[in-house]
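First comes the structure, then the notes that go with it.
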Amino acid sequence: MASASREGVPMARPTDPATAPPGRDRTPKRAAKVTLVVAVNGLGVWGLFGHVLGSLALGLLLLLLALGTYLLAYRWGLVHDRAFLAAWIGVAVVASVFSLVVGPLNGLTDEPYVMPVLAGAWPNLYGSTLSVTYVQYGRTFTEAPLYNVYLPFLPYLRLPFVNYKWTSLGAWMASLYLLRRRDEALTLWGGFWVGLMAANGFNDYVPFLFLTLAFVRPTGPWAKVAEYVGLGLKQFANVVIVGVHLYRRQWRDAAIAVGVTAAILAPFAYLSPGGVWCHAILIESTNCGGNPGPVFGAAVLSHVNYPLWLLYVAAVFGAGYVRGLRAAPSGGWRGRAGELVRRYFPERPRPSPALGSRGEAVAEQALLEVGRRPDEEGLEVDRVRAVVADEPVE
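For the sequence shown, position 189 (counting from the first letter as 1) is numbered 174 according to our numbering, and the numbering increases by one without interruption.
Quick look at the structure:
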């Protein structure tokens, strides 16, 4: 017998699939949707690597596949479904570990073997010509001449005594744990392509982890420590950090980030000013010719890991920006964009056992009253959630 609310309006049974919150509906149709989204992502990545590996368009196609499968999951109401997220991330983790250990879709970069060699160039990180010979899945490779095109801290932040691939994979998993309360971010950042790149040992994941520590958790002085360490890892991270501060109109923090970057490079510029300019600023991986490296040209698309930075920005900061557009008043370009978002991407129910819809509304209303965007990158709402739910902020 159906229960009734205090107003006398009949309420649906808790097990009714039509009204059950996301994650409670276990109908075959929903299970088929979960299976289809996971399969499209995994088979799409496998197919792209099998047919267009080495193409200038590969990185862009992988990015579009990741965004497309996210939009499919969003339209089908799966993004906040805990069963979907468990299957989505679980498949990516298992496939990534399998790739690392056995070798399929692996061996795409020399970075796992280059990082220890770069660390051995201390203290003249940018004035030394290096070489490395390594064996990967039964094949022998030699890289020479080799120059350090990363910022000074990156070669030294790795797990000791194991292949650097485990450092990248562990950093990816740690970032997923830090993003565990952001379903949109988990859907974008927990896909097969992202995990596969980590299993290959691309060195972007340590910077991703420190960016997540800086802008997601923890808060307070430790976030600043993570930010300053992130400024010494990989140049893309510096662009993200300065860009976020500029977007938030935190002019002083943006200037400090630039100053910290200069201070980190200063001792090495003293040892080899030409090397710092050529390899750390222009990102030129060969002999210095005074020209920018491939990261500044169209060849950037041939690097399957570079578009990961666009996906990371979308995962960590995109949901908060879209919510801001959804709440934007009419008028101006922002209001028109908000109308499109409200029409084609309406807010999906987001269950929260500790908080519930009432607490979510209280959190967002409190932020609006103090002049902040609702759920701006998730940070402020997490703080208010903790207060409403009477639980500590992590």
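For glycine and all other residues, C-beta sits at the position ideal for the given N, C-alpha and C.
Exercise for the section: Indicate whether the contact test is met: 3 or more Cβ pairs, each with one atom in the stretch 183 to 190 and one in the stretch 149 to 167, closer than 8 Å. Expected result: The stretch 183 to 190, when compared against the stretch 149 to 167, does touch it at the 8 Å Cβ threshold.
Practice task
For the beta strand (DSSP E) containing Arg124, list its first residue and its last residue.
Solution key: Looking up residue 124 in the sequence shown gives position 139. Unbroken beta strand (DSSP E) run through Arg124: Arg124 to Leu131.
Exercise for the section: Just confirm the distance between the C-beta atoms of Ala199 and Gly215, as a whole number of angstroms; I'd bet it's less than 8 Å. Expected result: Counting from 1 along the sequence shown, the entry for residue 199 is found at position 214. Counting from 1 along the sequence shown, the entry for residue 215 is found at position 230. Confirmed, about 6 Å.
Practice task
Have a look at Val19 and Leu171 and give me their C-alpha separation to the nearest angstrom.
Solution key: Translated into the one-based positions of the sequence shown, residue 19 becomes position 34. Translated into the one-based positions of the sequence shown, residue 171 becomes position 186. Whole-angstrom Cα-Cα distance: 15 Å.
Practice task
Indicate whether Trp174 and Leu161 have their beta-carbon atoms separated by less than 9 Å.
Solution key: To locate residue 174, count along the sequence shown from 1; it is residue 189. To locate residue 161, count along the sequence shown from 1; it is residue 176. Going by C-beta atoms, Trp174 is nearer than 9 Å to Leu161.
Practice task
Quick one: measure Cβ to Cβ for Pro292 and Leu45, integer angstroms, because I've assumed they're closer than 8 Å.
Solution key: As a first step, residue 292 must be located in the sequence shown, where it is residue number 307. As a first step, residue 45 must be located in the sequence shown, where it is residue number 60. With 8 Å as the limit, Pro292 and Leu45 qualify as a contact, their Cβ atoms being about 6 Å apart.
Practice task
Taking Val37 as the reference, give the member of Glu332, Val289, Gly105 and Gly217 with the closest Cα.
Solution key: The residue given as residue 37 occupies position 52 in the sequence shown. Ranking the options by Cα distance to Val37, first place goes to Val289.
Exercise for the section: Please state whether DSSP places Tyr255 in a helix, a strand or coil. Expected result: Locating residue 255 in the sequence shown gives position 270, where the first residue counts as 1. Three-state result, Tyr255: helix.
Practice task
List the DSSP bridge partners of Gln121.
Solution key: To locate residue 121, count along the sequence shown from 1; it is residue 136. According to DSSP, Gln121 bridges with Arg124.
Problem - Neighbourhood of Arg327 by C-beta distance below 8 Å, restricted to the same chain and skipping five residues each side - result: What you label residue 327 is simply residue 342 of the sequence shown in a count that begins at 1. Excluding sequence neighbours, Arg327 sits near Arg311.
Practice task
Helix, strand or coil for Ser116, going by three-state DSSP, please let me know.
Solution key: Residue 116 sits at position 131 when you count from the first residue of the sequence shown. Ser116 falls in the strand class under three-state DSSP.
Exercise for the section: Assign Thr382 to one of three DSSP states: helix, strand, or coil. Expected result: Outside the shown range of the chain (-14 to 379) lies residue 382, about which nothing can therefore be said.
Exercise for the section: Measure from the alpha carbon of Lys219 to the alpha carbon of each residue in Phe193, Lys209, Cys263 and Pro206, then state which is nearest. Expected result: Residue mapping note: residue 219 aligns to position 234 of the sequence shown, counting from 1. Out of Phe193, Lys209, Cys263 and Pro206, Phe193 has the C-alpha closest to the C-alpha of Lys219.
Practice task
Could you say if the stretch 92 to 106 and the stretch 200 to 212 meet the contact criterion of at least three C-beta pairs nearer than 8 Å?
Solution key: Remark: fewer than three beta-carbon pairs, one from each stretch, lie closer than 8 Å, so the stretch 92 to 106 and the stretch 200 to 212 are not flagged as touching.
Problem - Cβ-based burial, Ile226 [other Cβ within 10 Å; buried from 16] - result: By one-based count along the sequence shown, residue 226 stands at place 241. Residue burial annotation: Ile226 is buried, with at least 16 other C-beta atoms found within 10 angstroms of its C-beta.
Handout entry: Reference Leu181, options Pro137, Arg319, Ala222 and Ala51, closest by Cα
Key = Position 196 of the sequence shown, counting from 1, holds the residue named residue 181. When C-alpha distances from Leu181 are compared across Pro137, Arg319, Ala222 and Ala51, the shortest belongs to Ala51.
Handout entry: Alpha carbon of Gly385 to alpha carbon of Ser315, nearest angstrom
Key = The structure shown has nothing for residue 385, since the chain only spans -14 to 379.
Practice task
Mind the definition here: the stretch 63 to 71 touches the stretch 115 to 123 only if three or more C-beta pairs lie below 8 Å; say whether that holds.
Solution key: The stretch 63 to 71 is not in contact with the stretch 115 to 123.
Exercise for the section: Give me the Cα-Cα distance between Leu33 and Leu295, rounded to the nearest whole angstrom. Expected result: The count along the sequence shown starts at 1 and reaches residue 33 at position 48. The count along the sequence shown starts at 1 and reaches residue 295 at position 310. Going by the C-alpha atoms only, they are around 19 Å apart.
Practice task
State the DSSP-derived secondary structure class of Glu332, mapped to helix, strand or coil.
Solution key: Locating residue 332 in the sequence shown gives position 347, counting from the first residue. Reduced to three states, the DSSP call for Glu332 is coil.
Practice task
Determine the extent of the alpha helix (DSSP H) in which His36 is found, giving its start and end residues.
Solution key: Along the sequence shown, one-based indexing puts residue 36 at 51. That run of the alpha helix (DSSP H) goes Pro13 to Val37.
Exercise for the section: Give a yes or no on contact between the stretch 77 to 91 and the stretch 133 to 147, applying the rule of three or more CB pairs nearer than 8 Å. Expected result: No: the two stretches stay apart, fewer than three of their Cβ pairs being nearer than 8 Å.
Handout entry: Cβ shell of Val30 (< 6 Å), same chain only, five flanking positions each side left out
Key = Within the sequence shown, the letter at position 45 stands for residue 30. Within the same chain, Val30 has close Cβ partners Phe177 and Trp178.
Exercise for the section: Over the uninterrupted alpha helix (DSSP H) stretch that includes Lys219, give me the two end residues. Expected result: As a position in the sequence shown, residue 219 is number 234, starting the count at 1. Neither: Lys219 is in no alpha helix (DSSP H) and is coded neither H nor E.
Handout entry: Pairwise C-alpha distance: Ala299 and Val245
Key = For the purposes of this step, residue 245 is taken as the residue at position 260 of the sequence shown. For the purposes of this step, residue 299 is taken as the residue at position 314 of the sequence shown. One C-alpha to the other measures close to 26 Å.
Handout entry: Coarse secondary structure for Trp174, derived from DSSP in three states
Key = Sequence index remark: in the sequence shown, residue 174 carries index 189 (1-based). Correct three-state label for Trp174: helix.
Practice task
Pull up the CB-CB distance for Val261 and Tyr141, whole angstroms please, since I reckon it's below 8 Å.
Solution key: Against the sequence shown, residue 261 aligns to sequence position 276. Against the sequence shown, residue 141 aligns to sequence position 156. Cβ atoms of Val261 and Tyr141 stay farther apart than 8 Å, at about 17 Å.
Handout entry: Buried or exposed (CB count within 10 angstroms, at least 16 for buried), Leu43
Key = As a first step, residue 43 must be located in the sequence shown, where it is residue number 58. Around the Cβ of Leu43, a 10 Å sphere holds 16 or more other Cβ atoms; the residue is buried.
Problem - Buried or exposed by the 16-neighbour rule on C-beta atoms within 10 Å, applied to Thr127 - result: By 1-based counting over the sequence shown, the position of residue 127 is 142. So Thr127 ends up on the exposed side.
Handout entry: Cα-Cα separation between Trp113 and Gly259, rounded to whole angstroms
Key = Sequence index remark: in the sequence shown, residue 113 carries index 128 (1-based). Sequence index remark: in the sequence shown, residue 259 carries index 274 (1-based). At residue 113 the sequence reads Ser, which differs from the Trp that was named. Spanning the two alpha carbons is a distance of roughly 11 Å.
Exercise for the section: Output the boundary residues of the alpha helix (DSSP H) element that contains Arg67. Expected result: Residue mapping note: residue 67 aligns to position 82 of the sequence shown, counting from 1. Arg67 -> alpha helix (DSSP H) spans Arg67 to Val87.
Practice task
Look at the alpha carbon of Ser342 and the alpha carbon of Val229, and state the distance between them as a whole number of angstroms.
Solution key: Translated into positions along the sequence shown, residue 342 becomes position 357. Translated into positions along the sequence shown, residue 229 becomes position 244. Unreliable positioning characterises Ser342 in this predicted model, as indicated by a pLDDT of 43, which lies under 50. A coordinate reading is not provided.
Practice task
Could you tell me which of Tyr306, Tyr329, Arg15 and Phe330 sits nearest to Arg319, measuring between CA atoms?
Solution key: By one-based count along the sequence shown, residue 319 stands at place 334. Comparing Cα positions, the closest option is Tyr306.
Exercise for the section: Please report how far the alpha carbon of Asn272 lies from the alpha carbon of His264, in whole angstroms. Expected result: Within the sequence shown, residue 272 is the residue found at index 287, counting from 1. Within the sequence shown, residue 264 is the residue found at index 279, counting from 1. Answer to the nearest angstrom: the Cα atoms are 9 Å apart.
Exercise for the section: Quick one: residues in its chain with C-beta nearer than 8 Å to the C-beta of Phe138, no 5 flanking neighbours on either side, listed in chain order? Expected result: By one-based count along the sequence shown, residue 138 stands at place 153. Closer than 8 Å at Cβ, skipping near neighbours: Val214, Gly217, Leu218 and Ile249.
Exercise for the section: Indicate whether Val23 and Ala72 have their beta-carbon atoms separated by less than 9 Å. Expected result: Locating residue 23 in the sequence shown gives position 38, where the first residue counts as 1. Locating residue 72 in the sequence shown gives position 87, where the first residue counts as 1. For Val23 and Ala72, yes; Cβs fall inside 9 Å.
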